[in-house]
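Asks: Listed in order, the protein sequences are those of chains A and B.
For the first sequence, position 156 (counting from the first letter as 1) is numbered 140 according to the working numbering, and the numbering increases by one without interruption.
Positions in the second sequence are counted from 1; adding 124 to them yields the working numbering.
The beta-carbon is built from N, C-alpha and C at its ideal position, and this holds for glycine as well.
All figures in this text were calculated on a predicted structure; none of them were measured in a lab.
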Amino acid sequence: MTETPPSGNPPPDAPVKIHATGVTRHFGRGTKRVDALGPIDLDIRTGEFCCIVGPSGCGKSTFLRVVAGLVRPSEGRVEITAGTPHPAAMVFQDYGISPWKTVLANVRFGLDIQRVPRKEADARARDWLARLKLAEFADAYPAALSGGMRQRVSIARALAVEPEILLMDEPFAALDAQLRTILQDELLEICQADRRTVLFVTHSLEEALLLGDRVLVMSSRPGRVIAERVPPFERPRTGAVRTSPEFAAMQAELWMLLRGEVETSGAAR
Amino acid sequence: MSDGTTEATEAEAAKAEAPGTAATTPDGTNGTVGTPGAPGAPGTEQAKPTPTLLLTRSPGPAELDPDRARRRRRTLEITLGIAVPLLLLLWWQLAVQQKWIDSRIYPAPQTILEDGWKRLVDGKLWPDIWATLKRVVPGFLLGSLAGYVVGLLTGSIPLVRAALEPMLDALYVVPKLALLPIFLLIFGLGETPQIMLVAVTVFFLIWIQTMAAVLAVPEGYREAATVFGASQWQMYRHILIPASLPPVVVGLRLASGMAVLVIVASEGLASPNNDGLGYLIFNAKNIFDQKAMYVGIITVAVVGVLFSELVRLIGRLLTPWAPDRRGPGGS
Ligand SMILES: Nc1ncnc2c1ncn2[C@@H]1O[C@H](COP(=O)(O)OP(=O)(O)O)[C@@H](O)[C@H]1O
Ligand SMILES: [Mg+2]
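(1) Using a Cβ cut-off of 8 angstroms, pull out every chain B residue sitting near LEU54 (chain A), in sequence order please.
(2) Is it right to say ARG195 (chain B) is buried, meaning 16 or more other beta carbons lie within 10 angstroms of its own, or is it exposed?
(3) Does the CB of GLY184 (chain B) have a neighbour CB from chain A at under 8 angstroms?
(4) I'd like to confirm the pairing. Which residues does DSSP put opposite VAL201 (chain A) in its beta bridges?
(5) Per DSSP, which one or two residues make a beta bridge with GLU433 (chain B)?
(6) GLY94 (chain A) versus chain B: which residues are under 7 angstroms apart at the beta carbon?
(7) Give me the DSSP bridge partner(s) of ASP27 (chain A).
(8) Should GLU154 (chain A) be counted as a contact of ligand 2 given a C-beta to heavy atom distance under 7 angstroms?
(9) Quick test of your reading: PHE352 (chain B) and HIS187 (chain A), contact by CB under 8 angstroms. State the CB separation rounded to the nearest angstrom.
(10) Which residues in the same chain as SER280 (chain B) place their Cβ atom closer than 8 angstroms to its Cβ, once the five residues preceding and following it in sequence are excluded?
(11) At a Cβ threshold of 8 angstroms, is GLY344 (chain B) touching chain A?
(12) For PRO282 (chain B), count the other beta carbons within 10 Å of its own beta carbon; 16 or more makes it buried, fewer makes it exposed. Which is it?
(13) Examine chain A for any beta-carbon lying closer than 8 angstroms to the beta-carbon of PRO366 (chain B), and answer yes or no.
(14) Quick one: is the Cβ of GLY41 (chain A) within less than 7 angstroms of any heavy atom of ligand 1?
(15) Between B:PHE311, B:PHE327, B:LEU276, which has its C-alpha nearest VAL297 (chain B)'s C-alpha?
(16) Determine the burial state of GLN222 (chain B): buried for a count of at least 16 other Cβ atoms within 10 Å of its Cβ, exposed for fewer.
(17) By the criterion of Cβ-Cβ separation under 8 angstroms, what are the contact partners of ILE64 (chain A) in chain D?
(18) Excluding sequence positions up to five away, which residues of its chain have a Cβ less than 6 angstroms from the Cβ of MET456 (chain B)?
(19) Could you give the residue range of the alpha helix (DSSP H) that holds MET382 (chain B)?
(20) What residues in the segment 431 to 450 of chain B bring their beta carbon closer than 9 angstroms to a beta carbon of chain A?
(21) By Cβ distance below 8 angstroms, which residues in the same chain neighbour GLN168 (chain A) in space, the five residues on each side in sequence not counted?
(22) Do CYS35 (chain A) and MET202 (chain A) have their C-beta atoms closer together than 8 angstroms?
(23) Are three or more beta carbon pairs between the segment 207 to 221 of chain B and the segment 401 to 410 of chain B nearer than 8 angstroms?
(24) Given VAL373 (chain B), which residues of its chain have a CB within under 7 angstroms of its CB, disregarding the five upstream and five downstream residues?
(25) Along the segment 356 to 382 of chain B, what residues have a CB closer than 8 angstroms to any CB found in chain A?
(26) For the segment 67 to 87 of chain A, enumerate the residues whose C-beta is nearer than 7 angstroms to any C-beta of chain B, in chain order.
(27) Closer than 9 angstroms by beta-carbon distance: list the chain B residues that pair up with VAL145 (chain A), in chain order.
(28) What are the start and end residues of each continuous beta strand (DSSP E) run of 3 or more residues lying completely inside the segment 102 to 180 of chain A, in chain order?
(29) Over the uninterrupted alpha helix (DSSP H) stretch that includes ARG259 (chain B), give me the two end residues.
(30) By the criterion of Cβ-Cβ separation under 9 angstroms, what are the contact partners of ILE97 (chain A) in chain B?
(31) Using the Cα positions of PRO447 (chain B) and GLN98 (chain A), report the straight-line distance between them to the nearest angstrom.
(32) Nearest-angstrom Cα distance between ALA114 (chain A) and GLN356 (chain B)?
(33) Under the criterion of a Cβ to heavy atom distance below 7 angstroms, does LYS258 (chain B) qualify as lining ligand 2?
(34) Taking 8 angstroms as the threshold, find out whether the segment 46 to 55 of chain A comes into contact with the segment 111 to 127 of chain A through three or more Cβ pairs.
(35) Under 8 angstroms between C-beta atoms, does ALA127 (chain A) make it to chain B?
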């Protein structure tokens, strides 16, 4: 249904990492049944940064959770080509980090689970804390951090395990505009440095165009992929592409598409 | 305490309308100053001055000198905590001296204290305290450990919950003291029946509290661990045990009180060597030694408070991330 469009980078012949066919998911039974998602057919190649935008409640989180293995699809299947049984790390929109662990212990969490020796785990965690400018809070508890800092802890935690697949569910949604811009630029830098396969859900078109190799637009619930675009910006990118005319044009085009969906989903309620 | 959010209402502003009058909150930090819209307006009704308000939000004592404010608050709390019971005792003392109440049934606090002090220095009280502690502490440890383990399992594994919950619920409502005769039959006349009675009481409290706490752990914490591929044991170690600890510590404090309560009652019913604070109290009542009875009751109260504070302290050490809900003066 959806064929992978050619794009400069990652190489178009990169092997498929995530292969979804006919994925749907519904919740509840009888009159309470909610068709949350799909059917979704999708191929994501190794090293691709794929952004998903769509009206709220269209099933974006559900799709991510299916890929993460947190919920099973009702129909269809997702095939992931991976080197380990747990190739993914996820950045949650909320409730990411544990209040009972210090910042360092939170970032080290995935490494602890993977039984990385403590010394090495500490070193890697501290390295990521430094990259996300949290080094001086290593021993603080999350209760003492601001929202933006907590979200950075949660991103550091996901990146510290150097996952094959990075799943991010509206990671910047709760942040203010300035902080979001800063973190977007940081994420851009990090992801270009070590190309991982990233599935990034956002409601911000700007964010999707800036970060993504490919932007998928989902319909209102049950969410299907109704359009996809390849932002025409060479990598390595910087935040400066935000100001280019192509950026504005594509953003306007996607907004037209999305707006229709937002309006239908509004009318359905 | 001032929290910097004092609101000024129109009514307050109206009260402060006279020129030069400032409405100030009692601590003098957050105030409302009302000034009439037109100078010299008071009295002229038709002018209808709309008051302009000057609302100030300035540092209060707690902000200007946090250490001092905290110390003062703590001192105040401790003073209150001591003064209130002391006043009641004084009132009691007065009531006895004025013969408002019968000193044979309610001996004066002074008499009780003198008697208690004598027993302490004579060494007559210690064996009873020691006997009670020897029953309460092992019973408490046994019961809370078992309750915690069963609570974790029933909270985290739905099938275990389905299998055990109805049965445990049914046993929970049985008054634990009613089990004493059974335990006496099973375990004979030694210390074991008393220890088991405390253990069973604590077990049910901690089990229910732990199960509820585990069930209340937000799904998001578990999911984060699941995605990283946490094993069952890692899920307990990294998520379920720490996330459930703060409410369980509260449960442990409640249970420590219940444990003392149950041991005193059961020692009153059947004490193997005729010792323990419960025996002291009930025996004193039987031989009409009211002073000894009150000494026993007060000792039980002191032991109970110390026990519960000890549990609280251990709880604080176990949960360093949890906010201390003791208020601004809290330790
Ligand atoms: N666990 C669940 N139980 C019942 N309904 C759910 C559950 N998870 C999601 N849904 C429903 O599925 C739909 C899609 O949800 P979600 O994937 O969270 O949307 P999005 O992330 O795109 O905003 C929503 O209508 C939501 O109410
Ligand atoms: Mg969502």
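Replies: Let me spell this out:
(1) Locating residue 54 (chain A) in the first sequence gives position 70, counting from the first residue. Here the neighbours are GLU347, THR350, VAL351.
(2) Here the question's residue 195 (chain B) lines up with position 71 in the second sequence. Label assigned to ARG195 (chain B): exposed.
(3) Position 60 of the second sequence, counted from the start, is the residue given in the question as residue 184 (chain B). Not one chain A Cβ lies under 8 angstroms of GLY184 (chain B).
(4) Your numbering for residue 201 (chain A) matches position 217 in the first sequence. BP columns for VAL201 (chain A) point to A:VAL37, A:ALA211.
(5) By 1-based counting over the second sequence, the position of residue 433 (chain B) is 309. Bridge partners of GLU433 (chain B): none, in fact.
(6) Taking the first sequence and counting its residues from 1, one reaches residue 94 (chain A) at position 110. The answer, in chain order, is PHE352.
(7) Within the first sequence, residue 27 (chain A) is the residue found at index 43, counting from 1. Note: ASP27 (chain A) sits in a beta bridge opposite A:HIS3.
(8) For the purposes of this step, residue 154 (chain A) is taken as the residue at position 170 of the first sequence. Indeed, a heavy atom of ligand 2 lies less than 7 angstroms from the Cβ.
(9) Translated into positions along the second sequence, residue 352 (chain B) becomes position 228. Translated into positions along the first sequence, residue 187 (chain A) becomes position 203. Their Cβ separation, rounded to whole angstroms, is 26 angstroms, which puts PHE352 (chain B) and HIS187 (chain A) out of contact at 8 angstroms.
(10) On the second sequence, position 156 is the one that residue 280 (chain B) refers to. Cβ within range, chain order: VAL338, MET359, TYR360, LEU364.
(11) Position 220 of the second sequence, counted from the first residue, corresponds to residue 344 (chain B). Closer than 8 angstroms to some Cβ of chain A, the Cβ of GLY344 (chain B) qualifies, so yes.
(12) As a position in the second sequence, residue 282 (chain B) is number 158, starting the count at 1. By the neighbour-count rule (16 or more Cβ atoms within 10 Å), PRO282 (chain B) is not buried but exposed.
(13) Translated into the one-based positions of the second sequence, residue 366 (chain B) becomes position 242. So, interface residue.
(14) Within the first sequence, the letter at position 57 stands for residue 41 (chain A). Yes, ligand 1 has a heavy atom inside 7 angstroms of this Cβ.
(15) One-based indexing of the second sequence puts residue 297 (chain B) at position 173. For the residues B:PHE311, B:PHE327, B:LEU276, the minimum Cα distance to VAL297 (chain B) belongs to B:PHE327.
(16) Along the second sequence, one-based indexing puts residue 222 (chain B) at 98. GLN222 (chain B) comes out exposed.
(17) No chain D is part of this structure, whose protein chains are labelled A and B.
(18) Beyond the ends of chain B as shown, which are 125 and 455, falls residue 456 (chain B); an answer cannot be given.
(19) Counting from one through the second sequence, the residue named residue 382 (chain B) turns up at place 258. It spans 365 to 393 - the alpha helix (DSSP H) in which MET382 (chain B) sits, taken as one unbroken run.
(20) THR443, PRO444, TRP445, ALA446, PRO447
(21) Counting from one through the first sequence, the residue named residue 168 (chain A) turns up at place 184. Closer than 8 angstroms at the Cβ level, and outside the excluded window around GLN168 (chain A), lie PHE156, GLU191, LEU194, LEU195, GLY223.
(22) Residue 35 (chain A) sits at position 51 when you count from the first residue of the first sequence. Residue 202 (chain A) sits at position 218 when you count from the first residue of the first sequence. CYS35 (chain A) places its beta carbon 8 angstroms or farther from that of MET202 (chain A).
(23) no
(24) If you number the second sequence from 1, residue 373 (chain B) lands on position 249. For VAL373 (chain B), where only same-chain residues beyond five positions count, the Cβ hits under 7 angstroms are GLY439, LEU442, THR443.
(25) The segment 356 to 382 of chain B vs chain A, Cβ under 8 angstroms: GLN358, HIS362, ILE363, PRO366, ALA367, LEU369.
(26) For the segment 67 to 87 of chain A, the set of positions with a beta-carbon nearer than 7 angstroms to some beta-carbon of chain B reads PRO69, HIS70, ALA72, ALA73, MET74, PHE76, ASP78, TYR79, GLY80, SER82, PRO83, TRP84 in chain order.
(27) Translated into the one-based positions of the first sequence, residue 145 (chain A) becomes position 161. Within chain B, the residues near VAL145 (chain A) are PHE352.
(28) 149 to 153
(29) On the second sequence, residue 259 (chain B) is found 135 positions in, with the first residue counted as 1. It spans 250 to 280 - the alpha helix (DSSP H) in which ARG259 (chain B) sits, taken as one unbroken run.
(30) Here residue 97 (chain A) is taken as the residue at index 113 of the first sequence, counted from 1. What ILE97 (chain A) touches in chain B: ALA349, PHE352, GLY353, ALA354, SER355, GLN358, HIS362.
(31) On the second sequence, residue 447 (chain B) is found 323 positions in, with the first residue counted as 1. On the first sequence, residue 98 (chain A) is found 114 positions in, with the first residue counted as 1. PRO447 (chain B) and GLN98 (chain A) have their C-alpha atoms spaced approximately 30 angstroms apart.
(32) For this step, residue 114 (chain A) is matched to residue 130 along the first sequence. For this step, residue 356 (chain B) is matched to residue 232 along the second sequence. If I take the Cα positions, the gap works out to 31 angstroms.
(33) Translated into positions along the second sequence, residue 258 (chain B) becomes position 134. Checking the Cβ of LYS258 (chain B) against ligand 2 gives no.
(34) Taking one beta carbon from each stretch, the segment 46 to 55 of chain A and the segment 111 to 127 of chain A have fewer than 3 pairs nearer than 8 angstroms; the two do not touch.
(35) What you label residue 127 (chain A) is simply residue 143 of the first sequence in a count that begins at 1. Chain B, which has a Cβ nearer than 8 angstroms to the Cβ of ALA127 (chain A), makes this yes.
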